[in-house]
Every structure is written in structure tokens, then in C-alpha cells.
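Remarks on the structure that follows.
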Amino acid sequence: MGGAPYYAGMAALRVGAELLYLCTAEEATGPIKGYSPELMVSEVYRWSVMSSHDAGVVEQEKKRMVEKMEALLPRFHALVLGCGLGRDDRVLDAVARIIEAAKARKLPLVIDADGLWLIERRPELVKGYNEAMLTPNAAEFRRLSAAVLGREDATVLELCEAMAGPIILQKGAVDLIAAPQLSEVRRCAEEGAPRRPGGLGDFLAGSLGTLAAWAVLRRRSLVLACEAACVLVRLACKESYRKRKRAMVAPDVLEEVGAAFETLCPARPAAGRLGTWDLGLGGGAKGPPSLLLACVFSSFFAGFVVFLVCFVLSVFWFSSCVLGGCKIKVCGNHAKGCKARSTLGNFEVREPPKNP
């Protein structure tokens, strides 16, 4: 119960978030608090009221939910929604209003799972919005393609062009990334695990929330954040499967995020400091302590999880902290011969050669 928002939130913490708030239905606060002491749980709406048959009462509760979230938005640097969201129209309507408020503040949006269900029905919510990242699996991609283009067999590049703004990260055996600023699709074929337990999409969404917040603060491309999240989750899956084989389940992958991040970007202790790490979303700029916040929305309804999750990413920036120098090769098994595709700052993304 509540696995999806828990996995997304804990992935964000493991990647680098220092504080995490879960904003949920009043009825869900107790169960979620029992998952981990790392999760700070807050109530933003009451399902007992939202599920009323009185339209006036429901509208007031929606307004209350939106107002509570709007009061928090000035603190946020990224918003992740959809993990365990559910498909109740009343909750989705409130979330749509929150998306509009987030767009007004130019916040990056990571939309996954049931959040995509909302976008399928109201694609105008993110059409033309360059700060949105949609992360559909195969089934979600087909539905989204049908909703936007009228057919299910569109390519990721065609869907991206039709949406005219959001980055599309299509999950699969090879993750495909399309963005308006790219002339062709990026591919992430890093080796992962042959086993795919439920929850890995939530790990990706949570990880991307942290990485997207860093990218925006350091003025780096959100495409790089997407590529880094894909590689990171695949490395964690690979290590988890190496240790546990067929017995691997989603919480095991969560335990390997630290090791995967170390493989991706080794930590570098700094003299007289608590330490830092290299992540090519920076470029070496120095600055004051920064507070990173993101949200995962979900809700709670009739025996299945519909939690509203809001997580706060707080990362303190030390003067000796240099975010840069990390090279990610987006090709299977770190194959030799990969050709450099682009270098932004010190963050280099590579892809397989055309003639391996």
C-alpha cells in the first residue's frame, strides 16, 4: 500500500535529496508514516470530503487542496506527479489546477504513471511547455499517442513534435528520449537487469525529479537529467540482479542506488568539508546554499493507493563543491568506440557508433 509514492520519494532521497515531504490525503498519513522515518507526511486534502456526493462540498475541498499546494510552490524547484495518483476525476481536476499553477512559476514537471492518464485526457495541460518531462512505458505511450495524434503507432519523435514542448522519455528495453531541441532521438541502452519488478518506473521518476532540479539550478539541459536518470536506474538494477538473481524485488534496487551513483559519478571528499560528488549537471559554478524541492502527487481512494506526495529536495552547496567532470556513455556495457554526441560543461553523453 503506497508503494509507488514511497519508491519515488526514497529514490529522490537516495539520489541526493536531504528532506522529503509527502503531502497526501488525511486518511493516508498514518500508513505512509510507518514506511520510513525519512518521510515527513502532511495532509493536503480529506478523501472523506472529496468523495462527497455534494458538488459544492467537493468543489470547496478541491479549492482547499489547490490553495495548500499553491502556498508551497514558491519553495519548489521541481514537481514530480503521477506515482500512485489514481484516476478519480475529482482529484485529477485539482491536480490539473496545480499543474497550471506550477507552469505559471516555470517549474520543471516530471509526469509519470497516472499523471499520464490525466495528460491523455487533457494534453493541453503540457502542450508547448518546455519544462515538462513525460515518462511513459509502452502501454502509456500508445494511449498518449492515440490521444494526441489519433493513432497508436507514432514514433517518440512524432509525439514530441506534436506536443511541441515536453521531453518524451519512452521507457523500454532501450529508453528513447526525444526533445524539441534534438534533431534525432537519444538512446539509453545501458545494461540493466533481465528482471523488471514493479516500481522501477517510480524509481526513475523520483531520481529524475532530483536530477531535473539540479539541472535547472545549474542552467543545464533537462535532456541530460533524463539521460542520467536512465543510466542510474539501469546500473542499480544491474547490481541488484547480480546479487539476488531471480529473487530481486523493487526494494532491493533501492538499496543499490548509492553504489550505482558511485559508479556513475564517484564521490570526492573535500578537505575540511563533509564531502561532495561529481555530477555533470553543474559546470563548477559556486553559490550559496540552495534549497531544492520537488513534488510527487498521488491520492487515496477505496482500497487502492491514490496518495498525493510532495517531496522537498534540499541540497546544501559548499564553496568547494564542483559539479562537473562526469562522463556518461549511453551505450550498452560501456562499449568501447562510442562517439561523443554532445558536451555541455563537463558532462559528456555518448551514444553507440553507427557501425560498431
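Taking the working numbering, the leading residue of the sequence shown gets 1, the next gets one more, and so forth.
Ideal Cβ placement from N, Cα and C applies to all residues, glycine included.
Here the structure is a predicted model, which means the values were calculated and not measured.
Discussion item. Looking at residue 44: is its Cβ nearer than 9 Å to the Cβ of residue 25?
Written reply: Yes; because the gap between Cβ atoms is below 9 Å, this pair is in contact.
Worksheet item: With distances taken from CA atoms, which of 187, 196, 192, 160 is nearest residue 439?
Response: What the structure shows of the chain is the stretch from 1 to 356, and residue 439 is not part of that stretch, so it cannot be assessed.
Discussion item. DSSP three-state label for residue 112, please.
Written reply: Secondary structure at residue 112: coil, using DSSP grouped into helix, strand and coil.
Worksheet item: How is the alpha helix (DSSP H) around residue 15 delimited, first residue to last?
Response: 3–15
Discussion item. Rounded to the nearest angstrom, what separates residue 52 and residue 228 at their Cα positions?
Written reply: 43 Å
Item to complete: Closer than 6 Å by C-beta to residue 33: which residues in its own chain qualify, once you throw out the five before and the five after it? Chain order, please.
Response: 41
Worksheet item: Counting along the chain, where does the beta strand (DSSP E) carrying residue 21 start and finish?
Response: 20–25
Fill in: Unbroken stretches of the alpha helix (DSSP H), 4 residues or longer, contained in the region 26–80
29–33, 47–50, 55–72
Discussion item. Please state the DSSP three-state secondary structure of residue 188.
Written reply: strand
Item to complete: Compare the beta carbon distance of residue 237 and residue 188 with 9 Å and say whether it is the shorter of the two.
Response: no
Discussion item. So, for residue 246: in the same chain, excluding its five sequence neighbours on each side, which residues have a beta-carbon less than 7 Å away from its beta-carbon?
Written reply: 195
Worksheet item: Should residue 112 go down as buried or exposed, given a rule of 16 or more other Cβ atoms within 10 Å for buried?
Response: buried
Practice prompt. Could you tell me the distance, in whole angstroms, from the CA atom of residue 125 to the CA atom of residue 199?
Written response: If you take the alpha carbons of residue 125 and residue 199, they lie about 26 Å apart.
Worksheet item: Can you give the beta carbon distance from residue 241 to residue 193, rounded, assuming they're within the 8 Å contact cut?
Response: Confirmed, Cβ separation roughly 4 Å.
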